[in-house]
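Worksheet: the structure to be examined is printed underneath.
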DNA sequence: GTCTATAACTCGATAGAC
DNA sequence: GTCTATCGAGTTATAGAC
């Protein structure tokens, strides 16, 4: 398979191919041969650009980790009501993951398998803004805008409701037989449903 | 490592070891040598009991698939209020997964990777009671016990809120630094929180 | 930068003794 | 049933020509 756009660099072709194969098979199941085929080059060239499979994986994993936390900081720091922030976060998450539905399983599977030291290194470059998120919830509680709640429960609720359906998509499709299209419709609906649920569960 | 209880059969030792290794590493990352070591036997004996790695995996995957759907049918068929059913399902799910926290990632990762034909075969023996679940929600809607809602959205909400936190546990612990114990406390709380959220979101 | 050829190694599987 | 020893396929990585 040769890339039509001649201006796409070999490195970019490799990264795109690696993304597809790693997302699909995971680190252990991915084959350098498959990545080379998909990029339209041969194995040796992979090693020329990225020294080893591990280095290539690290590159994909790091950028994915970053993508897993959509522009949360910007939203959290914005000067908007708490409920508006919730709505924006849900929409950002659902849109983000909808465009790369294999991301959640990949991240969850690999995070559970990598040594702590490796993870520490990765997100020293891509820090998820959890502290900030917790602070935003705590502030809303103090200002009596919402009920006193454990911030982590709220965060878990939001992320669960937005992301899990994508992680469970293959299972859901197998079990219910719904089409790709029907699934997309459900996910679009959730951009309204999920914030409603969250707000309702913590409003005074 | 030799098993102390002499009455535990070799087959059981293999299955327990295989469960651990497959849950931890996935099919592709698992090594027959690791399973043999953990079971206190050698590789050849694995092949004597289960012809191949694939057969052994199939055994573990099938029983896991079954465990992923806790005794839903019994609860769904029970003669109780809709809201009580929701509560029972959440408790059943959280308790079930709490006792095997690696199950969700394993199932989600592997389901996405197995061919459709294989999955069809598996759950012809372990059918998840989705049809029944949908019917229960639809009945509650018709009886005007709850708002008109898309049953799949309700099901997704329940499963997301109960299961995702376990799938995200390694990530959550890395990112927030909470202990195993603190995590358990949060999950216990959720047995009350989640049903409340679900009921509130669909009550008339 | 890109290719072919191959070295070095890992791992599932089997043969065959006890 | 259980073991040791080994084969052979498949995979990452490198050497070296162009």
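Chains as they are written, first to last, in this note's numbering: chain A, 858 to 1061; chain B, 858 to 1061.
Quick reminder that beta carbons are idealized off the backbone N, C-alpha and C, glycines included.
- Inter-residue spacing [alpha-carbon to alpha-carbon] between residue 868(B) and residue 958(B): 24 Å
- Going along the chain, which unbroken runs of the alpha helix (DSSP H) with 4 or more residues stay wholly within the stretch 1002–1028 of chain A? Listed in chain order, the complete alpha helix (DSSP H) runs (minimum 4 residues) inside the stretch 1002–1028 of chain A are 1008–1024.
- Check the Cβ-Cβ distances between residue 1014(B) and every residue of chain A, and say whether any is below 8 Å. Under the 8 Å criterion on CB atoms, residue 1014(B) is classed as interfacial with respect to chain A.
- Task: List the endpoints of the continuous alpha helix (DSSP H) containing residue 875(B).
- Result: 867–886
- For residue 870(A), does the count of other Cβ atoms within 10 angstroms reach 16, so buried, or fall short, so exposed? By the neighbour-count rule (16 or more Cβ atoms within 10 Å), residue 870(A) is buried.
- Message: Quick test of the definition: if touching needs 3 or more C-beta pairs under 8 Å, does the stretch 1008–1026 of chain B touch the stretch 976–991 of chain B?
- Response: yes
- Message: Do residue 968(B) and residue 1022(A) have their beta-carbon atoms positioned less than 8 Å apart in this structure?
- Response: No, the Cβ-Cβ distance between residue 1022(A) and residue 968(B) is not below 8 Å.
- Query: What does residue 1004(A) reach in chain B if we use C-beta pairs closer than 9 Å?
  - Reply: Ordered by position in chain B, no residue passes the 9 Å Cβ test against residue 1004(A), which lies about 11 Å from the chain.
- For residue 1046(A) and residue 839(B), the rounded distance between their alpha carbons: The question about residue 839(B) has no answer here: the residues shown for chain B are numbered 858 through 1061.
- Item | Closest residue to residue 984(B) among 946(A), 934(A), 1029(A), 899(A) (Cα-Cα distance) | Residue 984(B) has its Cα closest to that of 1029(A), out of 946(A), 934(A), 1029(A), 899(A).
- Since residue 969(A) meets chain B, which of its residues come closer than 7 Å, beta carbon to beta carbon? 962, 1027
- Item | Whole-number beta carbon distance between residue 913(A) and residue 1089(A), since they are thought to touch under 8 Å | No statement about residue 1089(A) is possible, as the shown extent of chain A runs from 858 to 1061 and does not include it.
- Task: With DSSP as the reference, label residue 895(B) as helix, strand or coil.
- Result: helix
- Task: State yes or no: is the C-beta of residue 947(B) within less than 8 Å of the C-beta of residue 1015(B)?
- Result: Taking 8 Å as the Cβ cut-off, residue 947(B) and residue 1015(B) qualify as a contacting pair.
- Task: Using beta-carbon positions only, say whether residue 922(B) and residue 986(B) come within less than 8 Å of one another.
- Result: Not a contact, by the Cβ cut-off of 8 Å.
- Query: Does residue 976(B) get closer than 8 Å to chain A when you measure Cβ to Cβ?
  - Reply: yes
- Residue range of the alpha helix (DSSP H) that residue 984(B) falls in? Neither: residue 984(B) is in no alpha helix (DSSP H) and is coded neither H nor E.
- Task: Have a look at 999(A), 951(A), 1061(A), 1012(A) and flag the residue whose alpha-carbon is nearest the alpha-carbon of residue 1044(A).
- Result: 951(A)
- Apart from the five residues on each side of it in sequence, which residues of its chain come closer than 7 Å, Cβ to Cβ, to residue 861(B)? Residue placement at residue 861(B) is poorly supported in this model, since its pLDDT is 43, which falls under 50; the coordinates still yield a value, given next. So the list is empty, once near-sequence residues are dropped.
- Query: Residues of chain B with CB under 7 Å from residue 1032(A), in chain order?
  - Reply: 985, 987
- Return helix, strand or coil for residue 1000(B), following the three-state DSSP convention. DSSP places residue 1000(B) outside both helix and strand once states are collapsed to three, so it counts as coil.
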